[in-house]
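Worksheet: one structure, shown below.
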Amino acid sequence: MLSKNAFSQKGYTVMHFTDDNGLPQNSVRSLAADVDGFVWIATENGLARFDGHRFEIFDKSVVGTTSNRFSMLLPSMNATGAGRPGQQRLGGEMYAVTDFNQFVKIENGRASVDPLYFERKIRTLPHFGNSRSGAFLSAGIPGYPKETVVPMHYIIPVGDEKFYLIDSVSVQLYHGKRKLSNTDFAPGELRWWNFFMVGNRLHYRNANGHVLAVTPQGLQAMHIHGDILRDNGYKTALPDMKVFWNMASNQLFFYRQKKLYLVREERNRKFTTELVIDGFDLDEYAIQSVYRDPLTGTCFLGSLSKGLYVLTRHSFEALTTPETEIANVYYAIVPRDDRSVLTPTGTVLGKDPVTGEVLRGKVSALQKLNTSDKRSLFYDKNGLLWAKAANFLYQIDVEQDRMLRKVDLYSEIKHVYPDQDGKIWIATGTEGIYIFDPAERAHNRNCCKRSLKERTCILSAKICW
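Counting in my numbering, the sequence shown runs from 311 upward without gaps.
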């Protein structure tokens, strides 16, 4: 069922889905994408598969569970091969979990309960055999309610039989029953819900907002780079920054002041941040889970009480000058550099790839020559610019910002066309068609003495008639 609620957001179109138009319930606990591109949504009244337009519901009557209350989506701990980049880390499937620890396998676009998974993969983890051990399996960030859940042991799976075991004073890495490393914390310092993974590396955000890598040698500071540095409040830490870790899709986001940043780890303990949403208040909409499609940039936001928000990036963005609307009408443009274009009136428009700021400039030589003709503009084989205005054809060196040549056709130039040999075909209003070779010093050579009575255009590899 399609959403009837859509509104505009800076750079995005926002679609809002609720139980009125397809969701099984408005309380979205978790969401993630599978290797086939479907987005799966765990709600408190069933599991839903979303294809970008419609939902298919997998409730207890379909998947074989005793409850419709789904609490989380987790990556599979089965060693079945890697998923699509940016999604599953372990296997080609993932699991949805109900309140009664029933694990529903999601694979090949379908979902069904896996009755053996809990016994074979979860109960074999340390402390899970004892119901009073206070052991909790990581569900990402945000995960469990901080106010009501106080674990004694917190486990983050990172591979087949490989996991981190966290208690009140240490972080231990295991492979099966063999301990690989141990990192100690001061008593009372450890904050359970501040651990997250990027790739296969464990990280920790302390009470002061610093991000640290957890290594066998201890805690090491991470260096944060990219778009978040433009945030005026950022220096070396952000105490009020929120973390969204989508464990099932292996994605990490930082959020602060209505700005959502995608985080990637690079070499030498470095995080690079990319601003992906600007101006959307995740707190106001009670967002619990975030997923971003790495191919399209579409963002899926799951709310604890308001359903699903899908932010689709605009395919087009208008770049304009502060002038009137008619001044921003153009029929021809050429590249100015790798991030801007040049218009026939000499205006340069572009966009900074980091800040998103609209860049404006000018080529003065062209601006002085042409103030109204916006229909023809091209570079020749030597990289020199050609433009027309009234009766005149101009050759301009854009880099030097100067006019090199001016040709008078004694009739209004309607159109110009460069062929593959470097010659320029010129259609005039009353004097027919001219062919002009820039390599010759002669100004022009008339090839059609009379005006054409009909408008006919035939293109071949080298000729336009």
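All C-beta atoms, glycine included, are put in the ideal place defined by N, C-alpha and C.
These numbers come from a predicted model, not from an experiment.
Just the C-alpha distance for residue i and residue j, rounded to the nearest angstrom, thanks.
{"i": "A749", "j": "E627", "result": "39 angstroms"}
{"i": "H326", "j": "V468", "result": "34 angstroms"}
{"i": "V423", "j": "A642", "result": "59 angstroms"}
{"i": "D690", "j": "T630", "result": "27 angstroms"}
{"i": "A449", "j": "G332", "result": "25 angstroms"}
{"i": "I723", "j": "A699", "result": "7 angstroms"}
{"i": "N680", "j": "L703", "result": "10 angstroms"}
{"i": "S686", "j": "D588", "result": "37 angstroms"}
{"i": "E633", "j": "K684", "result": "15 angstroms"}
{"i": "N378", "j": "F428", "result": "18 angstroms"}
{"i": "G617", "j": "N560", "result": "22 angstroms"}
{"i": "D591", "j": "I734", "result": "55 angstroms"}
{"i": "F413", "j": "L435", "result": "15 angstroms"}
{"i": "L475", "j": "G374", "result": "31 angstroms"}
{"i": "L426", "j": "G660", "result": "57 angstroms"}
{"i": "Y575", "j": "F581", "result": "According to the sequence as given, residue 575 is Glu; it is not Tyr. Computed Cα separation, rounded: 5 angstroms."}
{"i": "Y744", "j": "E635", "result": "34 angstroms"}
{"i": "H520", "j": "F688", "result": "52 angstroms"}
{"i": "D330", "j": "R511", "result": "41 angstroms"}
{"i": "Y565", "j": "K370", "result": "35 angstroms"}
{"i": "Q730", "j": "P654", "result": "22 angstroms"}
{"i": "E471", "j": "Y571", "result": "32 angstroms"}
{"i": "F495", "j": "V479", "result": "5 angstroms"}
{"i": "F563", "j": "Y619", "result": "17 angstroms"}
{"i": "G362", "j": "V651", "result": "34 angstroms"}
{"i": "R430", "j": "N388", "result": "10 angstroms"}
{"i": "Q705", "j": "K545", "result": "50 angstroms"}
What span of residues does the alpha helix (DSSP H) with residue i cover, start to end?
{"i": "V373", "result": "K370 to V373"}
{"i": "Q677", "result": "S674 to L679"}
If you follow the beta strand (DSSP E) that residue i is part of, which residue opens it and which one closes it?
{"i": "F327", "result": "Y322 to F327"}
{"i": "D361", "result": "Per DSSP, D361 belongs to no beta strand (DSSP E) and is neither H nor E."}
{"i": "G595", "result": "Note on identity: in this sequence residue 595 is Tyr, with Gly being the wrong assignment. From DSSP, Y595 is part of no beta strand (DSSP E); its letter is neither H nor E."}
{"i": "Q710", "result": "Counting along the chain, Q710 falls outside any beta strand (DSSP E), and DSSP gives it neither H nor E."}
{"i": "P497", "result": "Taken as a continuous stretch (DSSP letters only), P497 belongs to no beta strand (DSSP E), as it is neither H nor E."}
{"i": "Q797", "result": "Given a span of 311 to 775 for the chain in the structure shown, any question on residue 797 remains unanswerable."}
{"i": "F610", "result": "C609 to S613"}
{"i": "M387", "result": "Per DSSP, M387 belongs to no beta strand (DSSP E) and is neither H nor E."}
{"i": "E403", "result": "Where E403 is concerned, there is no enclosing beta strand (DSSP E), given that its DSSP letter is neither H nor E."}
{"i": "R646", "result": "V644 to D647"}
{"i": "T583", "result": "K580 to D588"}
{"i": "R623", "result": "G617 to R623"}
{"i": "P728", "result": "I723 to P728"}
{"i": "H463", "result": "H463 to G469"}
{"i": "T353", "result": "V349 to T353"}
{"i": "G656", "result": "It is not in any beta strand (DSSP E) - G656 carries neither H nor E in the DSSP assignment."}
{"i": "W696", "result": "L695 to A699"}
{"i": "I734", "result": "I734 to T738"}
{"i": "I636", "result": "Run containing I636: none; DSSP gives neither H nor E here."}
{"i": "A342", "result": "V338 to A343"}
{"i": "S650", "result": "S650 to L652"}
{"i": "A749", "result": "That residue, A749, is in no beta strand (DSSP E); it is neither H nor E in DSSP."}
If residue i and residue j are in contact, beta carbons under 8 angstroms, what's the gap, nearest whole angstrom?
{"i": "K568", "j": "L585", "result": "The pair is not a contact, with the Cβ atoms about 11 angstroms apart (cut-off 8 angstroms)."}
{"i": "T353", "j": "R364", "result": "The Cβ separation is near 16 angstroms, so there is no contact."}
{"i": "V372", "j": "F360", "result": "Their Cβ separation, rounded to whole angstroms, is 16 angstroms, which puts V372 and F360 out of contact at 8 angstroms."}
{"i": "T817", "j": "S381", "result": "The chain is shown from 311 up to 775; residue 817 falls before or after that span and cannot be answered."}
{"i": "T328", "j": "N336", "result": "5 angstroms"}
{"i": "V553", "j": "I451", "result": "5 angstroms"}
{"i": "L383", "j": "A421", "result": "So it is not a contact: roughly 11 angstroms between Cβ atoms."}
Buried or exposed: residue i, going by 16 or more other Cβ atoms within 10 Å of its Cβ?
{"i": "H309", "result": "In the structure as shown, the chain begins at 311 and stops at 775. Residue 309 is therefore absent and cannot be evaluated."}
{"i": "R712", "result": "exposed"}
{"i": "T738", "result": "buried"}
{"i": "F446", "result": "buried"}
{"i": "K487", "result": "exposed"}
{"i": "F368", "result": "buried"}
{"i": "G612", "result": "buried"}
{"i": "Q710", "result": "exposed"}
{"i": "Y785", "result": "Since the displayed the chain opens at 311 and closes at 775, residue 785 lies outside it and no answer follows."}
{"i": "Y454", "result": "buried"}
{"i": "R603", "result": "Per the sequence shown, the amino acid found at residue 603 is Asp instead of Arg. Per the 10 Å Cβ criterion, buried."}
{"i": "L548", "result": "buried"}
What are the start and end residues of each continuous beta strand (DSSP E) run of 3 or more residues lying completely inside the stretch 516-568, in chain order? 521-525, 528-531, 533-536, 552-556 and 561-566
Which parts of the stretch 415-439 are runs of the beta strand (DSSP E), unbroken and 3 residues or longer, counting only runs that do not cross its ends? 420-423
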